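Visitor: Protein chains in written order, with our numbering: chain A, 8 to 270; chain B, 13 to 280.
Note that beta-carbon positions come from the ideal geometry of N, C-alpha and C, so glycine has one too.
Bear in mind that the values here come from a model prediction, so they are computed numbers and not experimental data.
I'd like to ask some things about the structure below.
Below is the structure:
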């Protein structure tokens, strides 16, 4: 196969995948009106997302906050007053580290879970059984996962932000001799409401992306155990890449367009 | 059942939309380069049990899935009581599917739900019945298939035969007009397989359903079928009553029912 044929196939496959993913997304959006009917399933999925992911989120956030504090303190030492440590930690955690790292760890766990669960249902004909029963798998299985992802990702991010800042404060106090007053005063410096709004707004999109990635790859699973494994891996890879790309686009949209650039 | 009760309908010249049963009209399907169904034509009378026999990988399950449009044909049409399944909109297709029950090869029970929840799900979705009434109906169906006491068990706690029976209970809970059986006895010991055959016959008698049974288990096929059709290389190569199948000289059918490696059907 020559290079052009290979590239052509790759582009066509990519477009076909995007098209099929978009159709699943449209199917879910079309059924959003029946979310109330699916409230029990939505609550169950919210529970899986928030409670199930919390140890991972807390651990990741705590070490992220600690690393940010140590690294920033090391860079600032002897050059920049330590009062700015809180400023830098708060801005980096609230704007980037909290939302993106929470999305990456929760997303990897969740999209793998969705893809494996739905993929197994697909290869064992459970989705066909559901269709025969005149139940739309997209509505019964996809909708609750999507809604839970969109609604609960901001909650996971808020927890991550809080834990990361507390961890940064503790590490700053122990290793950099920064007092609580100095740290919190720094946090209040350059405080901009656009920061938490941007940080949190992004997470709704991240939640949707994570859920869609897992749901789509689960529904698209083919073959047996190997197919489930492949779908799970693809879901995790797609989630991580999509979150990073979306982060750049959303930051641009929120910070450059909606909030009018750096202030 | 006598031959006269369910004659072979020849609808090639007739209007399939006027036929009261199911018509598979020149359906073709390929997966990649492999042709699975090749202008397949088959009709099922209302109220009969048609058994589709054939070697593994000849497209029997694919044919079954086309009838309820779990798969879309590349060419041809499917008719159910005059409605063209292949042309139905999503809503109408879902309404039609409510008249079908299907027993899958691996039972396809939802493994995160109890047996009672598996059976009751369709009622929960499509009726306004209370939870108590749904449970009562699920238990009634479980009693019919001899699985009393398994209501609160997960599918993983059941044996293969019990799963098939639970799958059958789920298939009949809405009292369907049509039941599709995909390899109902495959992988079961002879006694359990015979119990499943008896169940199929019992359901046929009690519920008066139209059934299509896909199998390569000949004792089962002879026991439950009113009529048989043999699928080979994507085409229906033979149709007839159970007696006609027993007496036929058709070399492929004879080889298949006698289970011989030598004959017109290649082994590999």
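(1) Chain A partners of residue 286 of chain B, CB-CB under 8 angstroms?
(2) Would residue 134 of chain B count as contacting chain A if we go by Cβ distances under 8 angstroms?
(3) Could you confirm whether any beta carbon from chain B is found closer than 8 angstroms to the beta carbon of residue 142 of chain A?
(4) Can you tell me whether DSSP reads residue 14 of chain B as helix, strand or coil?
(5) Could I get the ranges of all uninterrupted alpha helix (DSSP H) runs contained in the segment 83 to 124 of chain A, with 4 residues as the minimum, in chain order?
(6) When you compare the CB of residue 233 of chain A with every CB in chain B, is at least one pair closer than 8 angstroms?
(7) Just how far apart, CA to CA, sit residue 14 of chain B and residue 95 of chain B?
(8) How many angstroms separate the CA atom of residue 71 of chain B from the CA atom of residue 259 of chain B?
(9) For the segment 114 to 129 of chain A against the segment 230 to 237 of chain A, do three or more pairs of beta-carbon atoms, one drawn from each stretch, fall closer than 8 angstroms, so that the two count as touching?
(10) Step through the CB atoms of chain A and report whether any lies within less than 8 angstroms of the CB of residue 165 of chain B.
(11) Hey, could you find the ends of the alpha helix (DSSP H) residue 224 of chain A is sitting in?
(12) Taking C-alpha atoms, which residue in A:154, A:146 and A:171 lies nearest to residue 109 of chain A?
(13) For the segment 140 to 159 of chain B against the segment 184 to 196 of chain B, do three or more pairs of beta-carbon atoms, one drawn from each stretch, fall closer than 8 angstroms, so that the two count as touching?
(14) Suppose you measure from the CA of residue 241 of chain B to the CA of residue 100 of chain B; what does that come to, to the nearest Å?
(15) Near residue 16 of chain B, what residues of its chain come up, given a Cβ to Cβ distance below 8 angstroms and the 5 sequence neighbours on each side ignored?
(16) Determine, using beta carbons only, whether residue 121 of chain A and residue 218 of chain A come nearer to each other than 8 angstroms.
(17) Please list, in chain order, all residues of the same chain as residue 191 of chain A whose beta carbon is under 7 angstroms from its beta carbon, the five residues on each side excluded.
(18) Would residue 138 of chain B pass as an interface residue toward chain A - the criterion being a Cβ-Cβ separation below 8 angstroms?
(19) Tell me the residue span of the beta strand (DSSP E) that contains residue 193 of chain B.
(20) Measure the C-alpha to C-alpha separation of residue 222 of chain A and residue 220 of chain B and round it to an integer number of angstroms.
(21) Could you tell me which chain B residues have their CB closer than 7 angstroms to the CB of residue 131 of chain A, listed as they occur along the chain?
(22) Give me, in chain order, the residues of the same chain whose beta-carbon lies closer than 6 angstroms to that of residue 71 of chain A; leave out the 5 immediate sequence neighbours on both sides.
(23) Given residue 256 of chain B, which residues of its chain have a CB within under 6 angstroms of its CB, disregarding the five upstream and five downstream residues?
(24) Quick check: what's the CA-CA separation for residue 265 of chain A versus residue 254 of chain A?
(25) Does the segment 162 to 170 of chain B come close enough to the segment 120 to 137 of chain B that 3 or more CB-CB pairs lie under 8 angstroms?
(26) Buried or exposed for residue 114 of chain A, going by 16 or more other Cβ atoms inside 10 Å?
(27) Using alpha carbons as the reference points, say which of B:80, B:98, B:77 and B:65 lies closest to residue 87 of chain B.
(28) Run through DSSP, which three-state label would residue 143 of chain A get?
(29) Using a beta-carbon distance below 8 angstroms, is residue 109 of chain B in contact with chain A?
(30) Comparing C-alpha positions only, which one of A:63, A:142 and A:256 sits nearest to residue 163 of chain A?
(31) If you reduce the DSSP assignment to three classes, tell me which class residue 197 of chain A lands in.
(32) Do you know offhand how far residue 81 of chain A's Cα is from residue 59 of chain A's?
(33) Below 8 angstroms on the Cβ atoms is my contact criterion, and I expect residue 176 of chain B with residue 208 of chain B to pass it. Report the Cβ-Cβ distance as a whole number of Å.
(34) Assign residue 82 of chain B to one of three DSSP states: helix, strand, or coil.
(35) Give every residue of the same chain whose Cβ lies closer than 7 angstroms to the Cβ of residue 42 of chain A, excluding the five residues on either side of it in the sequence, and list them in chain order.
(36) What in chain A is Cβ-close to residue 112 of chain B, meaning under 8 angstroms?
Guide: Taking the coordinates as given:
(1) A question about residue 286 of chain B goes unanswered here, because the residues of chain B that appear run from 13 up to 280.
(2) yes
(3) yes
(4) Because the pLDDT of residue 14 of chain B is 40, which lies under 50, any placement of that residue in the model is unreliable, and the number read from its coordinates should be weighed accordingly. Coil at residue 14 of chain B, not helix or strand.
(5) 90 to 99
(6) no
(7) Its pLDDT being 40, under 50, residue 14 of chain B is placed unreliably in this model, and the coordinates cannot settle the point.
(8) 25 angstroms
(9) yes
(10) no
(11) 201 to 226
(12) A:171
(13) yes
(14) 27 angstroms
(15) Note that residue 16 of chain B scores a pLDDT of 44, beneath 50, so its modelled location is shaky and nothing firm can be said.
(16) yes
(17) 93
(18) yes
(19) 190 to 194
(20) 40 angstroms
(21) 118 and 120
(22) 104, 108 and 171
(23) none
(24) 15 angstroms
(25) yes
(26) buried
(27) B:98
(28) coil
(29) yes
(30) A:63
(31) coil
(32) 35 angstroms
(33) 6 angstroms
(34) coil
(35) 49, 150 and 154
(36) 139
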